[in-house]
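One point on numbering: in the UniProt record's numbering, the residue at position 213 of the sequence shown is 213, and numbering is uninterrupted. For every residue, glycine included, the Cβ atom is placed at its ideal position computed from N, Cα and C. What follows is a set of notes on a single structure, which appears directly below.
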Amino acid sequence: MTAVELPTTDTRPGRVEVHGVHKSYAGVEVLHGVDLVVEPGTVTVVLGPSGSGKSTLLRSINHLEKVDRGFVALDGELVGYRRKPHRGRERLHELQEKEVLRQRTRFGFVFQSFNLFPHLTALDNVVEAPVSAQGRGRREVEAEARELLARVGLAGREGAYPRQLSGGQQQRVAIARALAMRPAVLLFDEPTSALDPELVGEVLAVMEDLARSGTTMIVVTHEIGFAREVADQVVFMDEGRVVEQGPPEQVIDAPQHDRTRAFLARVL
Ligand code: ADP
Ligand code: MG
Numbered sequence: 001m002t003a004v005e006l007p008t009t010d011t012r013p014g015r016v017e018v019h020g021v022h023k024s025y026a027g028v029e030v031l032h033g034v035d036l037v038v039e040p041g042t043v044t045v046v047l048g049p050s051g052s053g054k055s056t057l058l059r060s061i062n063h064l065e066k067v068d069r070g071f072v073a074l075d076g077e078l079v080g081y082r083r084k085p086h087r088g089r090e091r092l093h094e095l096q097e098k099e100v101l102r103q104r105t106r107f108g109f110v111f112q113s114f115n116l117f118p119h120l121t122a123l124d125n126v127v128e129a130p131v132s133a134q135g136r137g138r139r140e141v142e143a144e145a146r147e148l149l150a151r152v153g154l155a156g157r158e159g160a161y162p163r164q165l166s167g168g169q170q171q172r173v174a175i176a177r178a179l180a181m182r183p184a185v186l187l188f189d190e191p192t193s194a195l196d197p198e199l200v201g202e203v204l205a206v207m208e209d210l211a212r213s214g215t216t217m218i219v220v221t222h223e224i225g226f227a228r229e230v231a232d233q234v235v236f237m238d239e240g241r242v243v244e245q246g247p248p249e250q251v252i253d254a255p256q257h258d259r260t261r262a263f264l265a266r267v268l
């Protein structure tokens with residue numbers, strides 16, 4: 001990769017900058033130049049129809065996908081690349097896998113499908129990564145994991161296995177597990193889409209609590225009520241582009257684009 005426009009020098013923890021990101025799969029471009037800035041301590045909700053590129057954007061942010069053009073920066077540091085001087089200019093060098101993995105732990109990822117380890121208790125699901133990936137001491141991590149499980153409303157269920165928990169409880173374990181890595185940013189990809197309707201509220205309540213306490217979050221969801229209540233900015237994507245973005249009062253209650261209006265009419 002050669003020179004691109006480089007990120008600003010704003011290095012506050014949790015600041016995410018997505019600049020001109022293009023991404024193709026097998027020659028078909030699915031992100032056509034996405035720009036996005038997420039300020040530390042804010043919540044960004046990404047809305048858009050199925051196939052519009054929302055998951056690809058999240059996966060590009062934590063470098064699960066390598067972008068074709070543009071860049072992503074976290075805390076002013078490029079994700080996936082290192083800047084090196086080269087004959088009086090700057091060049092980008094790909095980071096080694098180990099360094100990419102280190103960077104990736106700065107992002108907590110919560111999936112639609114929970115992805116808990118079925119053979120581990122709730123507590124051990126939360127404890128696993130900080131111990132194995134961050135090399136922290138089990139006793140210290142366990143104490144923190146208990147606090148995190150209490151925070152997501154699961155005090156007393158530490159010893160339960162995933163199959164003994166409802167979908168809503170499993171997703172709350174998954175949130176505690178993401179938090180245990182002490183990430184700078186939490187990424188959520190349709191965290192309530194796989195849940196029975198009566199279980200959606202308990203997961204959204206936990207996310208709202210995290211938002212109120214200043215966690216930087218990027219949330220892909222169709223929960224318009226959550227977006228209206230909690231989001232600092234709403235981003236509407238369609239066909240691999242950001243069609244409009246702004247505060248919820250603007251994007252949800254006074255959308256400027258026909259495609260946003262048509263989408264909202266379908267989901268509201
Ligand atoms: P959304 O999350 O908004 O539903 P995605 O980011 O999953 O959208 O997908 C955007 C487009 O990229 C879709 O057309 C999808 O089929 C395609 N796509 C996503 N992931 C892959 C992949 N791994 N290989 C090929 N095509 C993909
Ligand atoms: Mg998706």
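Residue i (DSSP reduced to helix, strand or coil)
i: P13; result: coil
i: I224; result: helix
i: T260; result: helix
i: K66; result: coil
i: D253; result: coil
i: L123; result: helix
i: S113; result: coil
i: S193; result: coil
i: S24; result: strand
Residue span of the alpha helix (DSSP H) that contains residue i, given as start and end
i: R212; result: P197 to R212
i: F107; result: No alpha helix (DSSP H) contains F107, which is instead part of the beta strand (DSSP E) from F107 to V110.
i: I61; result: K54 to I61
i: R151; result: R138 to R151
i: G33; result: Looking at the DSSP string, G33 is not in any alpha helix (DSSP H); the run it does join, the beta strand (DSSP E), is V28 to V38.
i: Q160; result: The displayed chain sequence assigns Ala, not Gln, to residue 160. Where A160 is concerned, there is no enclosing alpha helix (DSSP H), given that its DSSP letter is neither H nor E.
Residues that DSSP places opposite residue i in a beta bridge
i: D238; result: R241
i: G246; result: V234
i: R82; result: H93
i: I218; result: T44 and L187
i: residue 320; result: For the chain, the structure presents residues 1 to 268; residue 320 sits outside this window and is missing.
i: E77; result: L74
Enclosing beta strand (DSSP E) for residue i [first to last residue]
i: R91; result: R89 to E94
**Message:** Under 8 Å: do the stretch 187-206 and the stretch 159-171 share three or more Cβ pairs, one atom per stretch?
**Reply:** yes
**Message:** Pairs of beta-carbons, one from the stretch 43-54 and one from the stretch 220-236, closer than 8 Å: are there three or more?
**Reply:** yes
**Asked** What residues come near the ligand ADP, if near means a beta carbon less than 5 Å from any of its heavy atoms?
**Response** Y25, V30, S50, G51, S52, G53, K54, S55 and T56
**Message:** If contact is defined by three or more beta carbon pairs under 8 Å, each pair taking one atom from either stretch, is the stretch 133-149 in contact with the stretch 70-87?
**Reply:** no
**Request:** Flag this pair as touching only if the stretch 19-26 and the stretch 205-213 have three or more C-beta atom pairs under 8 Å; answer yes or no.
**Result:** no
**Request:** Indicate whether the contact test is met: 3 or more Cβ pairs, each with one atom in the stretch 112-126 and one in the stretch 154-163, closer than 8 Å.
**Result:** yes
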